[in-house]
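Visitor: Here the numbering used here is used: position 132 in the sequence shown is 153, and no number is missing along the way. Here's a structure for you.
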Amino acid sequence: MQIGLAYAFGILFAIGVCAGTSGGHFNPCITITFVVYRGFPPARALRYIFAQVLGAYLACLVIYTSWHVLLMDCENVLQQQGQLDALQFTPNGPAGIFGLYLLPGQTLGRAFLNEFVTVSSLGCALAIDAHPCQDTLIGLILFAAIDPTNALVPPVFGSVLVALA
22 MQIGLAYAFG ILFAIGVCAG TSGGHFNPCI TITFVVYRGF PPARALRYIF
72 AQVLGAYLAC LVIYTSWHVL LMDCENVLQQ QGQLDALQFT PNGPAGIFGL
122 YLLPGQTLGR AFLNEFVTVS SLGCALAIDA HPCQDTLIGL ILFAAIDPTN
172 ALVPPVFGSV LVALA
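Next up, the structure:
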């Protein structure tokens with residue numbers, strides 16, 4: 022849960038700090054949503070998408086360079102335990118830091134559906150004013166607010182969360 026919160030706050034801070042200057046083009050899905058719903062120029066979108074993918078690769082290079090010693094130590098320990106071949110290209114292995122690797126039993130379709138629902142809902146909410154996609158995002162927030170098993174939103178705070186949505 023801590024990793025999920027770290028990602029959530031990272032995205033929240035990125036939107037808060039950079040959305041005013043970049044227009045909120047944080048990944049290719051958002052840029053494509055802007056092309057479809059806001060009339061963003063397709064030729065310009067291709068340049069944005071190229072820059073986003075290049076930026077992602079450069080960020081991975083920086084992370085790999087920064088953590089190279091620790092990653093090699095992790096691989097050496099896994100090699101000594103005889104688990105490197107089994108775990109290397111899984112979410113639990115060292116390569117799982119840099120790519121999407123499916124858990125056993127998970128299909129690529131389910132992983133795509135997860136990414137599609139979360140990113141497209143956010144993309145539609147950012148790209149369109151008063152559009153049905155916002156209803157999806159608000160519906161998710163309402164569900165989180167009224168879900169009694171959600172430890173992050175106590176019942177007392179539910180009305181405040183709905184009001185903010």
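Just so you know, even glycine gets a beta-carbon here, dropped at the ideal spot from N, CA and C. No experiment lies behind these values; they were computed from the predicted model shown.
(1) From residue 87 to residue 138, what distance separates their C-alpha atoms?
(2) Per DSSP, what kind of secondary structure is residue 52 in: helix, strand or coil?
(3) Between the Cα of residue 116 and those of 126, 91, 102, 136, spot the shortest distance and give me the residue it belongs to.
(4) In whole angstroms, give me the CA-to-CA distance for residue 119 and residue 72.
(5) Roughly how far, in whole angstroms, is the beta-carbon of residue 46 from the beta-carbon of residue 78, given that I think they are within contact range, below 8 angstroms?
(6) Residues in the same chain with beta-carbon distance under 7 angstroms from residue 121, minus the five sequence neighbours each way, listed in chain order, please.
(7) Restricting to Cα atoms, I'd like to know which of 56, 83, 127, 109 is closest to residue 95.
(8) Over the uninterrupted alpha helix (DSSP H) stretch that includes residue 69, give me the two end residues.
(9) Taking DSSP as the reference, what is the three-state secondary structure of residue 104?
(10) So for residue 124, helix, strand or coil by DSSP?
(11) To which residues of the same chain is residue 61 closer than 8 angstroms at the C-beta, ignoring the five residues directly before and after it?
(12) Given residue 63, which residues of its chain have a CB within under 8 angstroms of its CB, disregarding the five upstream and five downstream residues?
(13) If you draw a straight line from the alpha carbon of residue 134 to that of residue 93, how long is it in whole angstroms?
(14) For residue 5, which three-state DSSP category applies?
(15) Could you give the DSSP three-state label for residue 114: helix, strand or coil?
Guide: To lay it out plainly:
(1) 33 angstroms
(2) If DSSP states are grouped into helix, strand and coil, residue 52 belongs with the helices.
(3) Measuring from the Cα of residue 116, the nearest candidate turns out to be 91.
(4) Taking the straight line joining both Cα atoms gives about 18 angstroms.
(5) Incorrect: roughly 17 angstroms between the Cβ atoms, too far for contact.
(6) Excluding positions up to five away in sequence, the list reads 132.
(7) 109
(8) 63-87
(9) coil
(10) coil
(11) 52, 55.
(12) 56
(13) 33 angstroms
(14) The requested residue 5 does not occur in the structure, where the chain is confined to residues 22 to 186.
(15) Shown here, residue 114 sits in coil according to DSSP, grouped into three states, outside any helix or strand.
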